[in-house]
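Novice:
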């Protein structure tokens, strides 16, 4: 449970940092790089969440007797 | 004191999601998804204990194991469909969410077909003059 809370803060940190970098790059007039940074942050968080989602679905399959 | 952990996790996640929603709503949605997954995962262990108890009771009462497994699968489909549909509704796509719910209902009906068939056959056996 404790390391889950750590991952929660990590995701929020990635989001805040990406938002900051996005706004700074936008101020500098580099729209394309800002879009790329946003996309990269999204993909990183997406991977963290997807691993957990796969774990959850595996657990549900084993609890609710879907194995065979 | 698992419940206090879960409630505080939910509160912290809600604060972070509100903070993030202004700037990056996509990452805020992923954060919401992650929180829901974590809470679901920690609940699932307790659900497993309850199901062991239920299957022990079904064994003692000599319920047909096929029926018990079907009921467990139906409960699983209901949980999963509700989980997905509410997340999609939170993301603001209620029409897609209702389609997910429709799929869940359909799969539950599909699983219930053998039980319904058994009930109908039993009822037909009660009626005299039918089926020989």
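Residue numbers (my numbering), protein chains in the order written: chain F, 1 to 68; chain D, 1 to 132.
C-beta: ideal position from N, C-alpha, C; glycine also.
Note that the coordinates shown come from a computational prediction; the quantities given were computed from them, not determined experimentally.
Would you check if the distance between the CB atom of residue 100 of chain D and the CB atom of residue 112 of chain D is smaller than 7 Å?
Specialist: Start at 1 with the first residue of the second chain, and residue 100 of chain D comes out as number 100. Start at 1 with the first residue of the second chain, and residue 112 of chain D comes out as number 112. No.
Novice: Taking CB distances under 7 Å as the criterion, tell me whether residue 54 of chain F reaches chain D.
Specialist: As a working note, residue 54 of chain F is residue 54 in the first chain. Residue 54 of chain F does not count as touching chain D.
Novice: Is DSSP giving residue 63 of chain D helix, strand or coil here?
Specialist: The sequence position of residue 63 of chain D within the second chain is 63, counting from 1. Residue 63 of chain D: coil per DSSP, three-state reduction.
Novice: Flag this pair as touching only if the segment 38–47 of chain D and the segment 39–56 of chain F have three or more C-beta atom pairs under 8 Å; answer yes or no.
Specialist: Verdict: yes, contact present.
Novice: Taking a cut of 9 Å between CB atoms, which residues from the segment 36–50 of chain F lie near chain C?
Specialist: No chain C appears in the structure shown, which is made up of the protein chains F and D.
Novice: Would the segment 6–22 of chain D and the segment 24–32 of chain F be scored as touching if the rule is three or more Cβ pairs under 8 Å?
Specialist: No, they do not touch.
Novice: Quick check on the burial criterion: 16 or more other C-beta atoms within 10 angstroms. Buried or exposed for residue 49 of chain D?
Specialist: Taking the second chain and counting its residues from 1, the one referred to as residue 49 of chain D is at position 49. So residue 49 of chain D counts as exposed.
Novice: Quick check: the Cα distance between residue 78 of chain D and residue 33 of chain F, rounded to an integer number of angstroms?
Specialist: The residue you call residue 78 of chain D lines up with position 78 of the second chain. The residue you call residue 33 of chain F lines up with position 33 of the first chain. Approximately 43 Å between the Cα atoms of the pair.
Novice: Please report how far the alpha carbon of residue 14 of chain F lies from the alpha carbon of residue 96 of chain D, in whole angstroms.
Specialist: Start at 1 with the first residue of the first chain, and residue 14 of chain F comes out as number 14. Start at 1 with the first residue of the second chain, and residue 96 of chain D comes out as number 96. Each residue's Cα considered, the two are about 29 Å apart.
Novice: Tell me whether residue 119 of chain D is buried or exposed, calling it buried when 16 or more other Cβ atoms sit within 10 Å of its Cβ.
Specialist: Residue numbering aside, residue 119 of chain D sits at position 119 when the second chain is read from its first letter. Label assigned to residue 119 of chain D: exposed.
Novice: Suppose the cutoff is 7 Å on Cβ atoms and the five residues either side in sequence are ignored; what does the same chain contact list for residue 58 of chain D look like?
Specialist: Translated into the one-based positions of the second chain, residue 58 of chain D becomes position 58. Once the five neighbours on either side are set aside, the close Cβ partners of residue 58 of chain D are 68.
Novice: For residue 24 of chain D, is the classification buried or exposed, using 16 other Cβ atoms within 10 angstroms of its Cβ as the cut-off for buried?
Specialist: Counted from its first residue, the second chain places residue 24 of chain D at position 24. So residue 24 of chain D counts as buried.
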